[in-house]
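Participant: Residue numbers for the sequence shown follow the working numbering, so the first one is 74 and each next one is one higher.
Beta carbons: idealized from backbone N, C-alpha and C, even for Gly.
Below is one structure. I have some questions about it.
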Amino acid sequence: MSPKRSRSARAKPRPASAPSPPMSRAGGFVLRSAGVGALPVVNRLLCRIRLEEFLKDALPREDGRTKLSPTKALLVLLRNLLLSREPIYGLGEWAARYVPDLMDLTENEVGLLNDDRVGRALDKLFAADVHSLVLNVATHAVKEFGLRLDELHNDSTTVSFFGAYLDAALEQRVLGRRTVAITFGYSKDHRPDLKQLLFMLTVTADGGVPLHFRVASGNVTDDTTHRDTWNLLCQLTGRRDFLYVADSKLATRDNMAYLNQHQGRFITVLPKTRGEDAAFRAAISAGHVSWRPLWEKTDEDGEMIDVYSVSDRPVGTAEGYRLVWYHSRRKAELDAIARAGRIERAVKGLAELQDKLRSARSRYRQESKVAEAVAKILASCGAEAWIATEIEARESETFHQAGRGRPGMDTQYVRKVRTRLDLDYRIDDARVGEDAKSDGVFPLITNVVDISELELLKTYKRQPTIEKRFSQLKSDFEVAPMYLKSVHRIQALLAVYFFALLVEALMERELRDAMSRKGIESLPLYPEGRACKRPTTRRVLDLFESVQRHTLSRDKHSTEIFITDLTRVQRRLLNLLDLSPKQYGR
């Protein structure tokens, strides 16, 4: 499931049963110690979103032979993702280190946790109506936490897989549901050599809280997913007037027309393949575009991050949608750096090809093969527009003696002409200069006319919120590589990952909102007590990792419970999260 420790841990023998918590005996007293960690913090959020209740309703009914309910197994798996990210087969050993009742388990049930039972729980989750489960949980979370639904952001990422996955190469029906295909496609991880799945996510602008997710086959393109996603969001929110923000894959004629005709409101980026883009950049080159200062963006310390300007040139799209052109000073710098890097890589590749052509052992004999190699180099670097190339056929002649013997005055020689291919290339400075005039420029397209140019820009600039969730999926939760074979279990596991993202986002939102309400600018969460202005869930959970519960008993009659003394920072965090420090871990 998780790559953390997986490579080395796979060689370890699997425990027959989960080990008991540490225990000491002295003078008739028995001391048992077990971990508490951040479980009470996680449990409070799980309780508030009523995930256990919704899971029980969604999963098939349990029969009398079930020793450990699938709901409990899935919730332990979810807690593990949030706290430790242990591999599935080590789940029982991990759970045994913690207080059982904090995971709603008995001591006997802890010993029942193994990869087989968790796998069967994933089977049941896949066979359930995951779509309805997610909608129910998200709908309740919106009400419980008062999430604003006026602005939603959608994007996708890819989850890569190592291995052939031949049984998952095509979509098929398993357990009454249709699976997706693990196959090759456009890799957002820049690993075209790996098979993948497409993971789509929609979050609120209010805290970046995940509302919905979908998993699609690895060869599915983003532009084909937006209409179905928007319809699902309409069902979830009960409205159509929310702002739907997405990347340029939304900006197809069919997608925009569908949303516009169904009273949807969208904001996206105009693709460079559109004619409006080329026309505007030509106007920039001709000096027909002027810019008006719009926004000086600063960070939390008041340092300037970027300066944005907006074009005064009125433009629209062929369909009549609103089109606004912006200029970013920071983006202009990055565009120039990126172009220089592409040109540098292309020149290096062409120089290596040139050396091969001029070598005495060159294998290039056909001009078409050289042209193919040149095109491949330029395309791989994205530098076709800025480098001009020319392939030349140059003749070289050699002479050798026609017959044997010593050469003399009458010796005849045979002239041999050999054609060698050579490559000349140069950087098109004029084209580079023309393109540099458009550095930092980007267009936003929308059918919303009642928001200002500044608000339109700020709305789109909240799109990186969803990129943060993808970063957490791949770094905090280490979603890939995934050590599961069955695609239907992989799909079910990705649903558990979605709930982990939901809990993590809600915790961040609750903590930051509490800090804002109480006028707290920062918390000393960084090493050496340094200030943290925007605390993350990962930092909060790690802060409670050392908390334990110690149970002291004698003759099984009297029992005393001791909890690790909480630090001042821990108590402050619990108060902000509306948890009682005195009752923590009891």
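1. Buried or exposed: HIS263, going by 16 or more other Cβ atoms within 10 Å of its Cβ?
2. For the stretch 134-176, which segments carrying the alpha helix (DSSP H) assignment without a break, of at least 4 residues, lie completely within its bounds, in sequence order?
3. Using the three-state DSSP reduction, which class does ARG83 fall into: helix, strand or coil?
4. I need the boundaries of the beta strand (DSSP E) containing ALA411, first residue and last residue.
5. Measure the beta-carbon distance from SER405 to GLY506 and round it to whole angstroms, keeping in mind my assumption that it falls under 8 angstroms.
6. If VAL490 sits next to PHE472, beta carbons under 8 angstroms apart, how far is it from one beta carbon to the other, in whole angstroms?
7. Got a sec, what are the start and stop residues for the beta strand (DSSP E) LEU270 sits in?
8. Return yes when the Cβ of GLU224 is within less than 8 angstroms of the Cβ of LEU316, no when it is not.
9. Among the residues of its own chain, which have a CB less than 8 angstroms from the CB of PHE102, if the five just before and after it don't count?
10. Which whole-angstrom value describes the C-beta separation of GLN643 and VAL109, a residue pair presumed to lie in contact below a C-beta threshold of 8 angstroms?
11. Checking 8 angstroms against the spacing of the C-beta atoms, do VAL383 and VAL362 come in under that value?
12. Relative to the C-alpha of VAL210, which residue among LEU164, ASP130, ILE122, LEU198 is closest?
13. Let me confirm a value: CYS454 is counted as buried when at least 16 other C-beta atoms fall within 10 Å, else exposed. Which label applies?
14. Report the three-state DSSP secondary structure of SER589 (helix, strand or coil).
15. Helix, strand or coil: how does DSSP classify ARG645 here?
16. Could you work out which residue in GLU633, ILE634, ALA587, ARG603 is closest to LEU646 when comparing CA atoms only?
17. Report the three-state DSSP secondary structure of SER106 (helix, strand or coil).
18. Would you call GLN656 buried or exposed, if buried means 16 or more other Cβ atoms sit within 10 Å of its Cβ?
19. Can you give the Cα-Cα distance for ILE378 and ILE410, rounded to whole angstroms?
20. Mapping the DSSP letters down to three states, classify ARG434 as helix, strand or coil.
21. Can you give me the C-alpha to C-alpha distance between VAL114 and SER525, rounded to a whole angstrom?
22. What is the rounded straight-line gap between the Cα of LEU243 and the Cα of ALA237?
23. If we count the other Cβ atoms within 10 Å of its Cβ and call it buried at 16 or more, is THR144 buried or exposed?
24. Take THR346 as the anchor and find which of ARG477, SER321, LEU574, SER548 has the nearest alpha-carbon.
25. Grouping DSSP H, G and I as helix and E and B as strand, with all else coil, what is ILE122?
26. Could you tell me if GLU182 is buried or exposed, where buried requires 16 or more neighbouring beta carbons within 10 angstroms of its beta carbon?
27. For THR538, collect the residues of the same chain with a Cβ closer than 8 angstroms to its Cβ; drop the 5 residues on either side in sequence, then sort them by chain order.
28. Let's see if you can read the secondary structure: which residues bound the beta strand (DSSP E) around SER233?
29. Span of the alpha helix (DSSP H) holding PHE218?
30. For SER511, which residues from the same chain have a beta carbon less than 7 angstroms from its beta carbon, with the 5 sequence-adjacent residues on both sides left out?
31. With DSSP collapsed to three states, give me the class of TRP303.
32. Would you be able to state if there are at least three C-beta pairs under 8 angstroms between the stretch 439-451 and the stretch 493-502?
33. Leaving out the 5 sequence neighbours to the left and right, which residues in its chain are closer than 6 angstroms to GLY422 when beta-carbon positions are compared?
34. Taking the alpha-carbon positions, what's the TRP303 to ASP314 distance?
35. Reducing DSSP to helix, strand and coil, say where VAL362 ends up.
36. At the level of alpha carbons, what is the spacing between GLU159 and SER106?
Facilitator: Looking at the coordinates:
1. Along the sequence shown, read from residue 1 onward, the residue named residue 263 stands at position 190. Looking at its Cβ environment, which holds fewer than 16 other Cβ atoms inside 10 Å, HIS263 is exposed.
2. 143-156, 164-168
3. Within the sequence shown, residue 83 is the residue found at index 10, counting from 1. With a pLDDT of only 33 at ARG83, under 50, the local geometry of the prediction cannot be trusted, and no value is derived from it.
4. Along the sequence shown, one-based indexing puts residue 411 at 338. From DSSP, ALA411 is part of no beta strand (DSSP E) but of the alpha helix (DSSP H) over 402-431.
5. Numbered from 1 along the sequence shown, position 332 holds the residue referred to as residue 405. Numbered from 1 along the sequence shown, position 433 holds the residue referred to as residue 506. Per the sequence shown, residue 405 should be read as Ala rather than Ser. Not really, about 14 angstroms apart at Cβ, beyond 8 angstroms.
6. Within the sequence shown, numbered from 1, the residue matching residue 490 stands at position 417. Within the sequence shown, numbered from 1, the residue matching residue 472 stands at position 399. 10 angstroms between Cβ atoms; not a contact.
7. Walking along the sequence shown from the start, residue 270 turns up at place 197. Element bounds for LEU270: 268-277.
8. Here residue 316 refers to the residue found at position 243 when the sequence shown is read from its first residue. Here residue 224 refers to the residue found at position 151 when the sequence shown is read from its first residue. Yes, the Cβ-Cβ distance between LEU316 and GLU224 is below 8 angstroms.
9. As a working note, residue 102 is residue 29 in the sequence shown. The answer, listed in chain order, is LEU625, SER626, ARG627.
10. The sequence position of residue 643 within the sequence shown is 570, counting from 1. The sequence position of residue 109 within the sequence shown is 36, counting from 1. Rounded, the Cβ-Cβ distance is 11 angstroms, inconsistent with contact.
11. Reading the sequence shown from its first residue, position 310 is the one you call residue 383. Reading the sequence shown from its first residue, position 289 is the one you call residue 362. Against a cut-off of 8 angstroms, the Cβ pair of VAL362 and VAL383 comes out as no contact.
12. Here the question's residue 210 lines up with position 137 in the sequence shown. Checked all of LEU164, ASP130, ILE122, LEU198; the closest Cα to VAL210 is ILE122.
13. Within the sequence shown, residue 454 is the residue found at index 381, counting from 1. So CYS454 counts as buried.
14. As a first step, residue 589 must be located in the sequence shown, where it is residue number 516. DSSP places SER589 in helix when its eight states are reduced to three.
15. Here residue 645 is taken as the residue at index 572 of the sequence shown, counted from 1. In the structure shown, ARG645 sits in a helix (DSSP, three-state: H, G or I).
16. Indexing the sequence shown from 1 puts residue 646 at position 573. Comparing Cα positions, the closest option is ALA587.
17. In the sequence shown, residue 106 corresponds to position 33, counting from 1. Reduced to three states, the DSSP call for SER106 is strand.
18. Position 583 of the sequence shown, counted from the first residue, corresponds to residue 656. When all chains shown are included, GLN656 counts as exposed.
19. Taking the sequence shown and counting its residues from 1, the one referred to as residue 378 is at position 305. Taking the sequence shown and counting its residues from 1, the one referred to as residue 410 is at position 337. Cα to Cα, ILE378 sits roughly 17 angstroms from ILE410.
20. The residue given as residue 434 occupies position 361 in the sequence shown. Coil at ARG434, not helix or strand.
21. Along the sequence shown, one-based indexing puts residue 114 at 41. Along the sequence shown, one-based indexing puts residue 525 at 452. Looking at the two C-alpha atoms, the distance is approximately 41 angstroms.
22. The count along the sequence shown starts at 1 and reaches residue 243 at position 170. The count along the sequence shown starts at 1 and reaches residue 237 at position 164. Rounded to whole angstroms, LEU243 to ALA237 spans 12 angstroms at the Cα level.
23. Reading the sequence shown from its first residue, position 71 is the one you call residue 144. THR144 should be labelled buried.
24. Here residue 346 refers to the residue found at position 273 of the sequence shown. Of ARG477, SER321, LEU574, SER548, the residue nearest in Cα terms is SER321.
25. Working through the sequence shown from its first residue, we reach residue 122 at position 49. It is coil, neither helix nor strand.
26. Looking up residue 182 in the sequence shown gives position 109. So GLU182 counts as buried.
27. Within the sequence shown, numbered from 1, the residue matching residue 538 stands at position 465. So the qualifying residues of the chain are HIS226, VAL276, ALA278, GLY281.
28. Locating residue 233 in the sequence shown gives position 160, where the first residue counts as 1. That run of the beta strand (DSSP E) goes 224-234.
29. For the purposes of this step, residue 218 is taken as residue 145 along the sequence shown, with counting starting at 1. PHE218 -> alpha helix (DSSP H) spans 203-218.
30. Sequence index remark: in the sequence shown, residue 511 carries index 438 (1-based). The residues are ARG354, ILE357.
31. Reading the sequence shown from its first residue, position 230 is the one you call residue 303. Helix at TRP303.
32. yes
33. Taking the sequence shown and counting its residues from 1, one reaches residue 422 at position 349. Taken in chain order, the residues that qualify are ILE450.
34. Reading the sequence shown from its first residue, position 230 is the one you call residue 303. Reading the sequence shown from its first residue, position 241 is the one you call residue 314. Each residue's alpha carbon lies about 11 angstroms from the other.
35. For the purposes of this step, residue 362 is taken as the residue at position 289 of the sequence shown. DSSP places VAL362 in coil when its eight states are reduced to three.
36. On the sequence shown, position 86 is the one that residue 159 refers to. On the sequence shown, position 33 is the one that residue 106 refers to. So the alpha carbons of these two residues sit roughly 21 angstroms apart.
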